[in-house]
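Scroll down for the structure; my scribbles are underneath it.
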Amino acid sequence: MNPWIANTLIVIAAFVGMECMAWLAHKYLMHGALWSLHHDHHQRDDGDFFEKNDYFFVIFATPGITCLLLGLNTEATYLFYIGLGITIYGFTYFLVHDIFIHQRFKIFRKTDSVYLKAIRRAHKMHHKHLGKHEGECFGMLWVPLKYFREARNTVSK
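According to full-length UniProt numbering, the sequence shown is numbered sequentially starting from 1.
In structure tokens form, the structure reads like this:
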């Protein structure tokens, strides 16, 4: 197989794998043993720009940075492409979650995209639960189809 194609497939697989890992980590770690870092994301009351939940950026960036460095400095170059996929996912997460959904920076406020409206609605449903239990919609880029149907109905009106 052409190395360019193989490396591109590795990046895509790492990106998709990160969505799966993010879902698992969000459901079982952030709403579990690491709730102490995540709870202020659901119960904002201090008005601060930063929250404890932001530590997860560092936690999730560590494997990406490690893979990038190992891939550059060893014979295992595939690790670089895994790290690249993880890093691209992290950047996408920042754009979608922090900028588009939570509006930490007041840009990308309006959209007619069914997909983006579905993501925003699913995340809103996730945040309706203020405690660590009884949550829903733990993913970021993959959301249940019912939110696409709802979004499609709002766009066509």
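We treat Cβ as the ideally placed atom computed from N, Cα and C, and that holds for glycine. Remember, it's a predicted structure, so these values are computed and weren't measured experimentally.
Fill in: DSSP three-state assignment for His133, whether helix, strand or coil
Along the sequence shown, one-based indexing puts residue 133 at 133. Residue state, collapsed to three classes: coil.
Discussion item. Excluding the 5 residues flanking Gln43 on each side, which residues of the same chain have their C-beta closer than 7 Å to its C-beta?
Written reply: As a working mapping, residue 43 is identified with position 43 in the sequence shown. These residues qualify, in order along the chain: Leu130.
Discussion item. Counting C-beta neighbours from all protein chains within 10 Å, is the total for His126 16 or more, i.e. buried, or is it exposed?
Written reply: Translated into the one-based positions of the sequence shown, residue 126 becomes position 126. By the 10 Å Cβ count, His126 comes out buried.
Worksheet item: So, helix, strand or coil for Pro144, using DSSP?
Response: As a first step, residue 144 is located in the sequence shown; it is residue number 144 there, counting from the start. Reduced to three states, the DSSP call for Pro144 is coil.
Fill in: Top-ranked residue by Cα proximity to Phe56, from Ala118, His97, Tyr147, Leu84
Looking up residue 56 in the sequence shown gives position 56. Residue His97 is the option with its Cα nearest to Phe56.
Practice prompt. Give the C-beta separation of Gly83 and Ile65 to the nearest angstrom, bearing in mind that I take them to be a contact with Cβ-Cβ under 8 Å.
Written response: As a first step, residue 83 must be located in the sequence shown, where it is residue number 83. As a first step, residue 65 must be located in the sequence shown, where it is residue number 65. Their Cβ separation, rounded to whole angstroms, is 7 Å, which keeps Gly83 and Ile65 in contact under 8 Å.
Worksheet entry | Counted within 10 angstroms of its Cβ, other Cβ atoms place Tyr28 as buried (16 or more) or exposed | As a first step, residue 28 must be located in the sequence shown, where it is residue number 28. Per the 10 Å Cβ criterion, exposed.
Fill in: Helix, strand or coil at Met1 according to DSSP, with G and I counted as helix
If you number the sequence shown from 1, residue 1 lands on position 1. DSSP places Met1 in coil when its eight states are reduced to three.
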